[in-house]
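J.: Going left to right, the sequence shown walks through residues 2 to 292 as our numbering numbers them.
Quick reminder that beta carbons are idealized off the backbone N, C-alpha and C, glycines included.
Please find one structure pasted underneath; my questions will follow.
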Amino acid sequence: MAQIARGHHTVPRFYLDRFANDGHQIGVLRLPGDIRYRQSTRDVSVVRDFYNIDNRADPNAVENLIAEIEGEAAAVFRKVLDDHQWPLDNNDRSILATFFGLQRVRAPHQRQVFTEIAEVIASVLSPTGDTDAGTGKADQTNEIKHAHISSMVDVMAYAPFYFGRSWVLIRFSRKRLLTGDAPVSLLPNPAKPEAAVGIGNAWAILFPMSRTTGLTMFQIMAGEKQIDTTADGSTYLAGVFNDATINNTRERIFYHPDDVSMIPSELPVPRAVEISTDHPEAKPDDGGGAK
């Protein structure tokens, strides 16, 4: 039987190294900012048994799938960041689109979404408000884990929402970018800033590829053609990227140890819940879990 991999990166190490120093040390800030430290990228964002499943044939099946996607993506990152290849061909674009889709759905906060949905459903269906009614806590946790992992395995379904956009690679010569535990950020249409936003209708999707390079994936409007270009970074654009990263971070911001000045003094608190509902059965005093 194959040895089971126990420590799982929820943000890949090859990516974190793009924000680390030569010793593979990266700055870590825990929201709301009172705890800061340096850590090896080997240990950052590692969660024990996060992707392991009860599969006696291959308990590492999910981790192996992730490793394959990450390996292909790392090669494309080297083309873009080290060899300065741009634009990319369709195969390399597809590899990155798949990686972005995976990175958005693989994180712990996405599993929290499944947990909160289960709690809302249970609170609505159970007349007593007992969210564990009809199932044991361990069984429920296992079901949520499998539901989350199933959404990850279906990652190819998300890739077209990234692939089918116009990509703009932005290189920064002076300002530096941060990243975090949820590095795929969605921006709403500026004309409708309060509208709900997802990967299908986001005006732009931002991804900091390194501390000096950011990728913006723009929605293609009616009558427009898909085109991939480059742009020079600016103080304003660095602010857009870093603000989006900070606002999308759930618990931890990651940064190069020399870039601490890029972190603002005012930071959000960790996000307590991922979904909200106005259903009366889901409110805290009624025994509901999500609000």
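1) Check whether the Cβ atoms of histidine 110 and arginine 251 sit closer than 7 angstroms, and answer yes or no.
2) Measuring CA to CA, which of Leu17, Asp55, Arg37 is closest to valine 47?
3) Do the segment 241-249 and the segment 174-181 meet, that is, are 3 or more Cβ pairs less than 8 angstroms apart?
4) Quick one, are the C-beta atoms of tryptophan 168 and aspartate 229 less than 7 angstroms apart?
5) Using a Cβ-Cβ cut-off of 6 angstroms (strictly less than) and excluding sequence neighbours within five positions of methionine 153, which residues of its own chain qualify?
6) If you drop the 5 nearest sequence neighbours on each side, which residues of the same chain put their C-beta closer than 6 angstroms to that of alanine 205?
7) DSSP has phenylalanine 219 in a bridge; who is on the other side?
8) Going by Cα to Cα distance, which pick from Phe100, Ser127, Ala123, Lys193 is closest to phenylalanine 162?
9) Just curious, the alpha helix (DSSP H) that glutamine 227 is in, first and last residue?
10) Can you tell me which of Arg212, Pro191, Thr213, Ser211 puts its alpha carbon nearest to the alpha carbon of alanine 203?
11) Do you know offhand how far histidine 147's Cα is from serine 235's?
12) Please classify phenylalanine 255: does DSSP put it in a helix, a strand, or coil?
13) In or out: glutamine 4 buried (at least 16 other Cβ within 10 Å) or exposed?
14) Based on the DSSP output, what are the partners of leucine 187 in its beta bridges?
15) By the DSSP assignment, the alpha helix (DSSP H) with leucine 66 in it spans what residues?
16) Please report how far the alpha carbon of histidine 85 lies from the alpha carbon of phenylalanine 78, in whole angstroms.
17) Please name the residue or residues paired with arginine 172 in a DSSP beta bridge.
18) Assign threonine 250 to one of three DSSP states: helix, strand, or coil.
19) Going along the chain, which residues of its own chain have a beta-carbon closer than 8 angstroms to the beta-carbon of isoleucine 221, five neighbours each way excluded?
20) Would you decide whether proline 209 is buried or exposed? Buried here means 16 or more other CB atoms lie within 10 Å of its CB.
21) What residues in its chain sit with their C-beta under 7 angstroms from that of histidine 149, if we drop five residues either side in the sequence?
22) Please list the terminal residues of the continuous alpha helix (DSSP H) segment that includes valine 106.
23) Under the rule that 16 or more other beta-carbon atoms within 10 Å means buried, what is threonine 231, buried or exposed?
24) Considering only DSSP beta bridges, list what histidine 10 is partnered with.
25) Go ahead and pull the three-state DSSP assignment for threonine 180.
26) Answer with buried or exposed for aspartate 44, where buried requires no fewer than 16 other C-beta atoms within 10 angstroms of its C-beta.
27) Just to confirm, are tyrosine 159 and glycine 201 a CB contact at a threshold of 7 angstroms?
28) With 16 other CB atoms within 10 Å as the buried threshold, where does serine 211 fall?
29) Counting along the chain, where does the beta strand (DSSP E) carrying leucine 126 start and finish?
30) One question on the structure: do glycine 28 and proline 271 come within less than 7 angstroms of each other, judged by their Cβ atoms?
31) Do leucine 66 and isoleucine 171 have their beta-carbon atoms positioned less than 7 angstroms apart in this structure?
T.: With the given structure in hand:
1) In this structure, arginine 251 lies closer than 7 angstroms to histidine 110 by Cβ.
2) Comparing Cα positions, the closest option is Leu17.
3) These segments touch.
4) Against a cut-off of 7 angstroms, the Cβ pair of aspartate 229 and tryptophan 168 comes out as a contact.
5) Val106, Arg107, listed in sequence order.
6) So the list reads Leu188, Thr217, Phe219, once near-sequence residues are dropped.
7) Phenylalanine 219 is bridged by DSSP to Ser167, Ala205.
8) Shortest Cα-Cα distance from phenylalanine 162 to any of Phe100, Ser127, Ala123, Lys193 involves Phe100.
9) Taken as a continuous stretch (DSSP letters only), glutamine 227 belongs to no alpha helix (DSSP H), as it is neither H nor E.
10) When each option's Cα is compared against that of alanine 203, the closest is Pro191.
11) Their Cα atoms are separated by approximately 43 angstroms.
12) In this structure, phenylalanine 255 counts as strand in the three-state DSSP scheme.
13) Sixteen is the threshold: since fewer than 16 other Cβ atoms of the shown chains lie within 10 Å of the Cβ of glutamine 4, the residue is exposed.
14) Paired residue(s): Ile206.
15) 62-82 is the extent of the alpha helix (DSSP H) around leucine 66.
16) Cα to Cα, histidine 85 sits roughly 10 angstroms from phenylalanine 78.
17) According to DSSP, which records beta bridges pairwise, arginine 172 is partnered with Thr214, Asp233.
18) In the three-state scheme derived from DSSP, where H, G and I count as helix and E and B as strand, threonine 250 is classed as coil.
19) Excluding positions up to five away in sequence, the list reads Gly165, Arg166, Ser167, Gln227.
20) That one is buried.
21) Here histidine 149 has Gln111, Arg112, Phe115 as same chain residues with Cβ atoms under 7 angstroms from its own Cβ, once five neighbours each way along the sequence are excluded.
22) Valine 106 -> alpha helix (DSSP H) spans 91-106.
23) Under this definition threonine 231 is an exposed residue.
24) Val47.
25) Three-state result, threonine 180: strand.
26) Counting Cβ neighbours within 10 Å, aspartate 44 comes out exposed, since fewer than 16 surround it.
27) Their beta carbons are not under 7 angstroms apart, which means tyrosine 159 does not touch glycine 201 by this criterion.
28) Residue environment for serine 211: buried (at least 16 other C-beta atoms within 10 angstroms of its C-beta).
29) The continuous stretches of beta strand (DSSP E) do not include leucine 126, which lies in the alpha helix (DSSP H) extending over residues 109-126.
30) Note that the C-beta distance between glycine 28 and proline 271 is not below 7 angstroms.
31) No, Cβ-Cβ distance for isoleucine 171 and leucine 66 is not below 7 angstroms.
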